[in-house]
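Per the working numbering, the sequence shown starts with residue 9, numbered consecutively. For glycine and all other residues, C-beta sits at the position ideal for the given N, C-alpha and C.
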Amino acid sequence: MPSPAFERPEQIRELFDRIAPHYDALNQTLSLGLHQVWKRMAVRWSGAAAGERVLDLCCGTGDLALQLARRVGRGGQVVGLDFSPAMLAIAQRRARQLFPDYSLEWVLGDALALPFPDGSFDAITMGYGLRNVTDIPQALREICRVLKPGRRAAILDFHRPRGIPFLESFQRWYLNSWVVAQAKALGLAAEYAYIDPSLDRFPSGEQQQQMALQVGFSAAKFYPLAGGMMGVLLVAR
């Protein structure tokens, strides 16, 4: 869940609109480039293949959507959905530059009420979005609804490394000191300070597995990354 300071949908939208111009550069710096590795893993685990129609939820500036485009090729279609107009504008610009003759569609919408019919997609990805929705079970329910039977969705996000005190202490220091300091230089300290408290309210990977099964997925498995500071929830309908 988001921080109490950003608990309403319009506040979360405004937050991401503000950070959009700096989002990619900060992600690259703050993760030492590792976020691209984790995103490639999520895309690969989603099972997206050539010629398929796939969805990237909470697509932001388009990182995962553009990686999906490489997998589905010119014969496939990628739909990127986000509720931040500023993020979508950057994603559209990047797509025109990198994949001008591919089928990429950008949709302004809500992950809790997807504007797509049941069983619309062969694969779905979601990067750093589940933690920011106001109703996690509803977001999972919508992913299940629009995914085709027998297909997979890969959901990447920050996680608290539970049961590993050293890593938990390091993560808190890193997010509250290093990350906020870097963001402060751009006038975005408050916008990035929300990350650490949001992890205290974010369900564990095991809890997310149970939520996914309860909303209708046939299988759910959580894979911790970076010592449990990141993770991918892989679900199948």
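Nearest-angstrom Cα distance between residue i and residue j?
i       : j       : result
Gln-75  : Val-51  : 7 Å
Gln-44  : Ala-234 : 13 Å
Ala-131 : Phe-210 : 24 Å
Gln-179 : Leu-196 : 19 Å
Gly-81  : Phe-174 : 43 Å
Ser-92  : Pro-29  : 12 Å
Ser-226 : Gln-215 : 16 Å
Asp-32  : Gly-70  : 10 Å
Tyr-202 : Arg-170 : 19 Å
Arg-168 : Val-141 : 17 Å
Asp-143 : Asp-109 : 36 Å
Tyr-231 : Ala-220 : 14 Å
Pro-125 : Ser-185 : 44 Å
Arg-79  : Lys-229 : 23 Å
Give the DSSP-derived three-state secondary structure of residue i in the structure shown.
i       : result
Ala-244 : strand
Ser-92  : coil
Ala-220 : helix
Gly-70  : coil
Val-86  : strand
Ser-11  : For Ser-11, the predicted structure reports a pLDDT of 41, less than 50, and the residue's modelled location is therefore unreliable. A value from the coordinates is still provided. Residue state, collapsed to three classes: coil.
Tyr-202 : coil
Leu-196 : coil
Ile-151 : helix
Please report the Cβ distance between residue i and residue j, rounded to the nearest whole angstrom; I am assuming they are in contact, meaning their Cβ atoms lie under 8 Å.
i       : j       : result
Ala-77  : Val-86  : 5 Å
Leu-155 : Ala-161 : 6 Å
Gly-88  : Leu-112 : 7 Å
Gln-222 : Leu-241 : Contact doesn't hold; Cβ gap of about 13 Å is too wide.
Leu-207 : Phe-166 : 6 Å
Asp-64  : Ala-57  : With a Cβ gap of about 15 Å, Asp-64 and Ala-57 do not count as contacting.
Below 9 Å between beta carbons: does that hold for residue i and residue j?
i       : j       : result
Val-62  : Gly-83  : no
Pro-157 : Gly-117 : no
Lys-47  : Gly-137 : no
Tyr-182 : Ala-191 : no
Gly-239 : Cys-152 : no
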